[in-house]
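For the working numbering, count along the sequence shown from 1 and bump the result up by 155.
Positions of the beta carbon are idealized from the N, C-alpha and C atoms, including for glycine.
Predicted, not measured: the structure shown is a model, and the values here were computed from it.
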Amino acid sequence: MKETLSERKTGAIYIRVSTDKQEELSPDAQLRLLMDYAKTNHTDIPMEYIFQDNGISGRKADKRPAFQQMIALAKSKEHPIDTIIVWKFSRFARNQEESIVYKSLLKKNNVDVVSVSEPLIDGPFGSLIERIIEWMDEYYSIRLSGEVMRGMTQNALRGHYQGDAPIGYQSPGNKKPPEKDPKTIQIPIMMKDLLLSGSSLLQIARKLNEQGYRTKHGNLWDARGVRYVLENPFYAGISRWNYTDRGRQLKPADEVIYTKGNWEPLWDKATLEEIKKHLAMNMRKAKSRDVSTAKHWLSGQLICSSCGGTLAYSGTKNSRGFQCWKYTKGFCNESHYIGIHPIEKMVIEYLESILHSPAIVYTVISSASADADSKLADLEKQLQKVENKEKRIKAAYLNEIDSLEEYKANKAALLKERAAIEKNIKLLTISNTDMSKEEMDKKMKQNISALLTVLQDDSADYVQKGNMMRNVVDHIVFDRENTSLDMFLKLVI
């Protein structure tokens, strides 16, 4: 009997190359068998309808671009395909929940999903067998993931480094510990030296780029990349594992493993603590303009006593000074202009008077809480994601997609996740210090003395002066009417 055109179907082939090594068939072998199946079952497969994701996990569909492209094609108004052919259902999805969602979506568009190696009978028993296969695939995936996680946890507890060696080191292979890389070891050393000498993260990045240093991927350095390197305890010989998830979100503190590493460190723990302290000060300074992009070491520090606006640097070479930016825009009614030399003289005299004063007023800033700013921001994002998930599972229950038992289980898991995040947020907002008031006063005066030394040094440039200034002074309120200053000092401990 001659085959009619209406009897033929148009199909798509989906191949996913697994990230683990359990796959028994290569992509080429899969394609050959899938094409043979299509030919036997009167299905045409255009070349542009062959989709393949390489080295990608099947747990999350949104991480598979070819899969998403195929689903979009199947849903389109043109409805170009009738069936999707896979080698195994696990190649389509290992997450049973996602598998059901996507198969239901495809079924509404009259698109079937066929597994060549797992043929199903028609009727309700076929659907039951399909669900059992999907459940077994998901169970295998979870079990495999758990076994891998346990093995990696044991390695971490032994101090073995897992993953690519950070910049400055290289992995020799054969499970040997990382070794210093003579080609790049100077990069983290230079970062550390510049940071401890008072440079900002942006200034460090610029210095590295000017000298031709690049990231491991050959890109230019930025402030965020510099911070990422300096925050890494690896360089102090500390192994940190399970710090973030695959989405680079911070894990709960009680899930992170810290152990002594089995490689040669670049600096000691005391240096690491100094680095943390300087990074904390950088976090505070990052809220204002970086000194290297300003025109004077007082830029961003002077505040108008009338409106609270910042006094901006202005004028020509022969007439330079600071003026309230809001006044120049018509938002402030009182001019606060003052020349460069008068304001510099006032600031230095004010600082000198503090040194000879029996009482000193300043704000204490905990370096731990300051350093936590970036981590708190990440935790807030994680908390927002949990809230979004809570809304979705509630919607799934109300729309009768999930049963009451499924909703309760999902809600319990999210409550546990929320509690862990909120616990970490609480820990990061706690500030403690063992220093007495007398010790802090002494430290504050030492910082002021060091600042005055730099400000009065003609060989120091405005960037050095500005960095020192921002480490000691939070801001200065200038009162033009009374020609006076009110300086707000800070002590980072």
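C-beta atoms of residue i and residue j nearer than 7 angstroms
| i | j | result |
| --- | --- | --- |
| M623 | L646 | no |
| G476 | I493 | yes |
| G455 | G416 | no |
| I430 | L385 | yes |
| L640 | M501 | yes |
| K544 | L570 | no |
| L261 | A221 | no |
| I240 | I170 | no |
| L466 | C487 | no |
| W452 | K598 | no |
| E572 | V541 | yes |
| P332 | W422 | no |
| S270 | F244 | yes |
| I165 | D199 | Note that residue 165 is Thr in the sequence shown, not Ile. It is a contact, given that the beta carbons lie within the stated cut-off. |
| M225 | F206 | yes |
| L538 | I503 | no |
| S461 | E499 | no |
| R395 | Y413 | yes |
| Y324 | K335 | yes |
| G464 | K481 | yes |
| V381 | M345 | no |
Three-state secondary structure (DSSP) of residue i
| i | result |
| --- | --- |
| I268 | In the sequence on display, residue 268 carries Val and not Ile. Three-state DSSP puts V268 in a strand. |
| N554 | coil |
| M590 | coil |
| A227 | helix |
| F280 | Bear in mind that a pLDDT of 43 at F280, under 50, signals an unreliable position, so the number given afterwards is only what the model happens to contain. Three-state DSSP puts F280 in a helix. |
| T608 | helix |
| S394 | strand |
| Y204 | helix |
| K176 | The predicted model places K176 with a pLDDT of 47, which falls under 50 and marks its position as unreliable, so this point remains unresolved. |
| N387 | coil |
| D183 | helix |
| G213 | Because G213 carries a pLDDT of 46, less than 50, the predicted location of this residue cannot be relied on, and the following value inherits that uncertainty. Three-state DSSP puts G213 in coil, outside helix and strand. |
| P220 | helix |
| H433 | helix |
| L570 | helix |
| S259 | helix |
| N602 | helix |
| D613 | coil |
| E273 | coil |
| N364 | helix |
Cβ shell of residue i (< 7 angstroms), same chain only, five flanking positions each side left out
| i | result |
| --- | --- |
| K371 | I322 |
| H433 | L350, L351 |
| K258 | V268 |
| N387 | P321 |
| N264 | A229, K230, H234 |
| D191 | none |
| L427 | P388, A391 |
| Q185 | I170, W242 |
| Y517 | M599, L644, K645, L646 |
| F280 | Residue confidence for F280 is low, a pLDDT of 43 falling below 50, so the modelled location carries little weight; the figure read from the coordinates is stated next. Counting only Cβ-Cβ distances below 7 angstroms, and skipping sequence neighbours, we find nothing. |
8 angstroms Cβ shell around residue i - same chain, five flanking residues per side excluded
| i | result |
| --- | --- |
| L510 | K600, I603, S604, L607 |
| V557 | Looking at the sequence shown, residue 557 is not Val but Asp. Once the five neighbours on either side are set aside, the close Cβ partners of D557 are I548, A551, N565. |
| I515 | I509, D596, M599, K600, L644 |
| A193 | G166, I168, D199, I200, I240 |
| P407 | A575, I576, K578, N579 |
One or two residues paired with residue i in a DSSP bridge
| i | result |
| --- | --- |
| F633 | C459, L640 |
| K544 | Paired residues: none, contrary to the question. |
| T198 | K164 |
| K415 | I393 |
| Y468 | F477 |
| T238 | G166, D267 |
| K645 | T518 |
| R369 | In DSSP, R369 forms no bridge with anything. |
| V628 | L644 |
| R651 | This structure does not reach residue 651, given that the chain is present from 156 up to 648, and the question cannot be answered. |
Cut-off 6 angstroms between Cβ atoms - residues of its own chain near residue i, not counting five sequence neighbours on either side
| i | result |
| --- | --- |
| D377 | A360 |
| Y505 | L640, M642 |
| M202 | none |
| I276 | Low confidence applies to I276: its pLDDT is 45, below 50, so where it sits in the model is not reliable enough to give any reading. |
| R635 | H491 |
| G470 | G476 |
| L375 | N364 |
_Whole alpha helix (DSSP H) elements within the stretch 478-526, 4-residue minimum_ = 480-483, 495-510, 522-526
*Pick out the complete alpha helix (DSSP H) segments inside the stretch 315-358, 4 residues or longer, and give them in chain order.*
341-351
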